[in-house]
Each structure stands twice: as C-alpha cells, then as structure tokens.
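So the protein sequences, as listed, match chains A and B. Count along the first sequence from 1, then add 1341; that gives the number in the numbering used here. Count along the second sequence from 1, then add 166; that gives the number in the numbering used here. The beta carbon of each residue, even a glycine, is placed where N, CA and C say it ideally should be. The model shown is predicted, which means the values in this text are computed figures rather than measured ones.
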Amino acid sequence: KAGVTQTPRYLIKTRGQQVTLSCSPISGHRSVSWYQQTPGQGLQFLFEYFSETQRNKGNFPGRFSGRQFSNSRSEMNVSTLELGDSALYLCASSLDGKGNSPLHFGNGTRLTVT
Amino acid sequence: GEDVEQSLFLSVREGDSSVINCTYTDSSSTYLYWYKQEPGAGLQLLTYIFSNMDMKQDQRLTVLLNKKDKHLSLRIADTQTGDSAIYFCAAQLYNFNKFYFGSGTKLNVKP
Chain A
1342 KAGVTQTPRY
1352 LIKTRGQQVT
1362 LSCSPISGHR
1372 SVSWYQQTPG
1382 QGLQFLFEYF
1392 SETQRNKGNF
1402 PGRFSGRQFS
1412 NSRSEMNVST
1422 LELGDSALYL
1432 CASSLDGKGN
1442 SPLHFGNGTR
1452 LTVT
Chain B
167 GEDVEQSLFL
177 SVREGDSSVI
187 NCTYTDSSST
197 YLYWYKQEPG
207 AGLQLLTYIF
217 SNMDMKQDQR
227 LTVLLNKKDK
237 HLSLRIADTQ
247 TGDSAIYFCA
257 AQLYNFNKFY
267 FGSGTKLNVK
277 P
C-alpha cells in the first residue's frame, strides 16, 4: 500500500507570493490533517479535513487555507507569503480520524520564503 | 487543551537501552503514540497504546503507561546508531481527530 505522498518536496518562493501544496492520502483514508513544523515552534496543527469538510482548525491566520477533494486528496494554500512561513509542511492521513486511527505522515514539503 | 511535554535530548551508547519520557495533562487522552522522525523525513508511527493498557511490547520497543501520573515512556532495547532520530510523543482524545504532540526528544546514539 502506498504511503502518504506530498508534492512538491521543496519550494522556494518570495515574500508576497502564494503557494499550493498537495497531499495524496493512503488509499481508503478519509481524514487528512496538515501540520507546520519549525525548529522554534515544533509541530503546529493547521487543519483537518474529513469527507471534503474542514472538521478542525488550528490557530493560524486566514492566509492559510485548505480543501479536500472527493477522492480524499487535499491541498493547502498559503497566500501573501511571509518570511516566517518558511517551514516543513507535513500532511497526515488517517482512516476516519477517530480513536485507534493513527496519523500516517508524508515526508513533507520544505517551503523556503525569501 | 492537552499539554504534552518531553525532555529535549538524550544521549546513549550503542547497545545500551534508551528510555524516552513523556508527560501529558488531560486524563481524557485515550490513545498515546510514539513517532520517529529522521532528518529530512516525515514522522513515522512506531507504536501506540490505549489508555486501559499498562504496557505494550513490540520487538525492541516497550511502551509503559502510568495513567495515574499521566506518564508515558518508550524504551528501546539494544539501541543502534540507526535509532538516532527525534522521537515525538502524541496524545489523542477519544473520538476526536485532534492530536497533541510533544516537542520531541532528540536521541543521539554514540558508537
């Protein structure tokens, strides 16, 4: 079974631009979550989607948005990029997002904002 | 919400046992997980334990849960240099897909 796939692996953008990151979950998984990982802040929860609906949201500004498609694939978008958005963005999928449904992570997209 | 804490660093010699500790605050946390992150990679699920269990063993990994003290530990037997990585503890409340992660413990294994 293929794991969680994130594309692209690396991105370099300049301040003010926008970016879209993509995530394909494990086949059969319906919940997709996004996390931002930085050395200073650790793992920060962005949002979680289940059946095309945002079910949980972290404490990030509205510049961070996401969506989920009917095949459970998900995208996240960051608009008006800031230097502080440089981070590793991790996508994780789980079966249904309930207990005993662990998160399975992709290898992440490394975003650098210059 | 939940607060999960871990010590930042642990250094051991190859062949020794490693014990990585984690504490959490919300007694409603029902599932507790251990993940491993190697450089340049995502988080790899190592093992997890349900809160009605005290211990779980999986090859070289042993998870101990003290629910009264809200303390979780991961023991790695016969630690190898390939075990050098960052280990994250995570807590999940039953029926919610909200995971609370610790800040990670960097394990350094010296040959």
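task = Return no unless some Cβ of chain A is closer than 8 Å to the Cβ of alanine 257/B.
result = Answer no: the Cβ-Cβ gap between alanine 257/B and chain A never drops below 8 Å.
task = List the residues of chain A that alanine 251/B touches, going by C-beta distances under 8 Å, in chain order.
result = Neighbours of alanine 251/B on chain A: none; closest Cβ ~13 Å, over 8 Å.
ask   = Using a C-beta to C-beta distance shorter than 7 Å, which residues of chain A count as neighbours of glycine 265/B?
value = The sequence shown places phenylalanine at residue 265/B, rather than the glycine named in the question. Phenylalanine 265/B reaches chain A at Leu1444, counting residues in chain order whose Cβ is nearer than 7 Å.
DSSP state of leucine 1352/A mapped onto helix, strand, coil = DSSP places leucine 1352/A in strand when its eight states are reduced to three.
inquiry  = Check whether chain A comes within 8 Å of serine 269/B, counting only Cβ atoms and requiring the distance to be less than that.
reply    = At a cut-off of 8 Å between beta carbons, serine 269/B contacts chain A.
request  = Can you check DSSP and say which residues form a bridge with glutamate 204/B?
outcome  = As DSSP reads the structure, glutamate 204/B sits in no beta bridge.
key: 8 Å contact criterion, which leucine 1429/A and glutamine 1378/A should meet: CB distance rounded   = Indeed they touch by this definition, with Cβ atoms about 4 Å apart.
query = Are the beta-carbon atoms belonging to glycine 1344/A and glycine 1447/A less than 8 Å from one another?
reply = Yes, the Cβ-Cβ distance between glycine 1344/A and glycine 1447/A is below 8 Å.
query = What residues of chain A sit near glycine 208/B, judged by a beta carbon separation below 7 Å?
reply = Those within 7 Å of glycine 208/B in chain A are Leu1431, Phe1446, Gly1447, Asn1448 and Gly1449.
task = Could you name the residues that DSSP lists as bridge partners for arginine 1451/A?
result = Tyr1351/A and Leu1429/A, per the DSSP bridge assignment.
task = State the DSSP-derived secondary structure class of glycine 248/B, mapped to helix, strand or coil.
result = In the structure shown, glycine 248/B sits in a helix (DSSP, three-state: H, G or I).
query = Quick one: what's got a C-beta closer than 8 Å to leucine 259/B's C-beta in the same chain, skipping five residues either side?
reply = Glu168, Asp192, Ser194, Ser195 and Thr196.
task = Let me know the secondary structure DSSP gives leucine 174/B once reduced to three states.
result = DSSP places leucine 174/B in coil when its eight states are reduced to three.
ask   = From proline 277/B to lysine 1354/A, what does the alpha carbon distance come to, in whole angstroms?
value = When rounded, the distance between both Cα atoms is 40 Å.
query = How close, in whole Å, do the beta carbons of threonine 1450/A and arginine 1356/A come, if the pair is a contact with beta carbons under 8 Å?
reply = About 18 Å; that fails the 8 Å criterion.
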